[in-house]
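Protein chains in written order, with this note's numbering: chain A, 1077 to 1216; chain B, 1077 to 1216. Every residue gets a Cβ at the ideal spot worked out from N, C-alpha and C, and that includes glycine. For clarity, every value in this text was computed on a predicted model and none was experimentally measured. Heads up, the thing below is written out as structure tokens.
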DNA sequence: GGCCAAGTTGACGCGAACGTAAGCAAGACG
DNA sequence: CGTCTTGCTTACGTTCGCGTCAACTTGGCC
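Here it is in structure tokens:
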């Protein structure tokens, strides 16, 4: 019997395979992130089961990676996205990490803006050269 | 005799050491980039000498790295920044690569913008929690 | 000539982030 | 019952971007 549990559909638990399909990662990757303590799926018996929280974290992990952060940097940042501890010192530390990442990202944002302008200019030049080369081919 | 060549000062040739100091990289890094054909310093006898062109390329290399591009991707992109070949097909290919990188960067730019907004919100929440925790410490 | 500093070429090593492969368990199915 | 699929663990392999080390040459200086 293939139980098509109606439940909340987009909510609740997913198997590792469903996760891999949804996020375009391999099982190896998910287990690796778990070993590095970036996600904490339940264990129904032997198998892993991923809930909404795990999916949210994975989304943030993949995003962080695209910005060039290491898994360790991402792990620290993830604490900011969880209620986590009510400990004062720990909250403060997490905030400090978050501010650092924010500063990194803002710098990257500004630099990216510049680089895009540069690249557009170079592309425009190259397109001009291409047009010139084409004219020479035609008329020459 | 230590020739303090007046020349153009900011112009012309630099040794590998001067390059390392200027760009905060190691000699190993510069030789590695050369082996990967990202820069092409002259060889005065045995030693390498880097000119303005090499410095410009190195600047672009380091920038590209910060955006998460591989050295190979950067190498291809660098062709766009050089007059290079007058060959029509090659110019077109270089433009295609450039457009791809530009698209990557524009996507990254947009996503970074989102991520910054998210992160700011999380930081703000955490700061609120910290303030609450502080009040409890004081009054409780 | 002797020596040091700077530079060069291999060659091997390393950490991050997985890939890959081997071997085992456990439920589903005919 | 056997087999298939899914997933698990363990462990070794791989790529990228360099670091590190050894051994050699070269030029300057006394």
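Could you spell out the range, first to last residue, of the alpha helix (DSSP H) harbouring residue 1148 of chain B?
-> 1147 to 1154
If you drop the 5 nearest sequence neighbours on each side, which residues of the same chain put their C-beta closer than 6 Å to that of residue 1170 of chain A?
-> Cβ contact annotation for residue 1170 of chain A (same chain, cutoff 6 Å, sequence separation greater than five): 1155 and 1156, in chain order.
Contact the segment 1134 to 1154 of chain A vs the segment 1104 to 1123 of chain A: 3+ CB pairs below 8 Å = yes
Evaluate contact between the segment 1138 to 1150 of chain A and the segment 1199 to 1207 of chain B, counting only Cβ atoms and requiring at least three cross-stretch pairs below 8 Å.
-> no
With 7 Å as the C-beta to C-beta threshold (strictly closer), list the residues of the segment 1158 to 1186 of chain B near chain A in chain order.
-> So the list reads 1162, 1164, 1167, 1168, 1170, 1171, 1174, 1175, 1177, 1178, 1181, 1182, 1184 and 1185, given in the order they occur along the chain.
Just how far apart, CA to CA, sit residue 1092 of chain A and residue 1124 of chain A?
-> Approximately 7 Å between the Cα atoms of the pair.
Through-space distance from residue 1115 of chain B to residue 1130 of chain B, alpha-carbon basis = Going by the C-alpha atoms only, they are around 6 Å apart.
Alpha carbon of residue 1224 of chain A to alpha carbon of residue 1178 of chain B, nearest angstrom = With chain A represented from 1077 up to 1216, any question about residue 1224 of chain A goes unanswered, as that position is not in the structure.
Identify the contact partners of residue 1199 of chain B in chain A, using a Cβ-Cβ distance below 8 Å as the criterion.
-> Going along chain A in sequence order, the residues near residue 1199 of chain B (Cβ under 8 Å) are 1156, 1171, 1174, 1175 and 1178.
Got a sec, what are the start and stop residues for the beta strand (DSSP E) residue 1120 of chain B sits in?
-> 1118 to 1120
Helix, strand or coil: how does DSSP classify residue 1178 of chain A here?
-> In the structure shown, residue 1178 of chain A sits in a helix (DSSP, three-state: H, G or I).
Residue 1124 of chain B: first and last residue of the uninterrupted beta strand (DSSP E) it sits in | 1123 to 1125
Determine the direct distance from the alpha carbon of residue 1210 of chain A to that of residue 1100 of chain A, and round the result to whole angstroms.
-> 42 Å
Would you mind sorting residue 1159 of chain A into buried or exposed? The rule is 16 or more other CB atoms within 10 Å of its CB.
-> exposed
With a CB to CB cut of under 6 Å and the five nearest residues on each side skipped, what residues in its chain are close to residue 1162 of chain A?
-> none
Under 8 Å Cβ-Cβ, which residues of chain A neighbour residue 1192 of chain B?
-> Those are 1178, 1181, 1182 and 1185, listed as they occur along chain A.
Cβ of residue 1132 of chain A less than 8 Å from any chain B Cβ?
-> no
Taking the alpha-carbon positions, what's the residue 1184 of chain B to residue 1121 of chain B distance?
-> 44 Å
Looking only at its own chain, which residues have a Cβ that is under 8 Å from the Cβ of residue 1187 of chain B, when we skip the five neighbours before and after it?
-> Counting only Cβ-Cβ distances below 8 Å, and skipping sequence neighbours, we find nothing.
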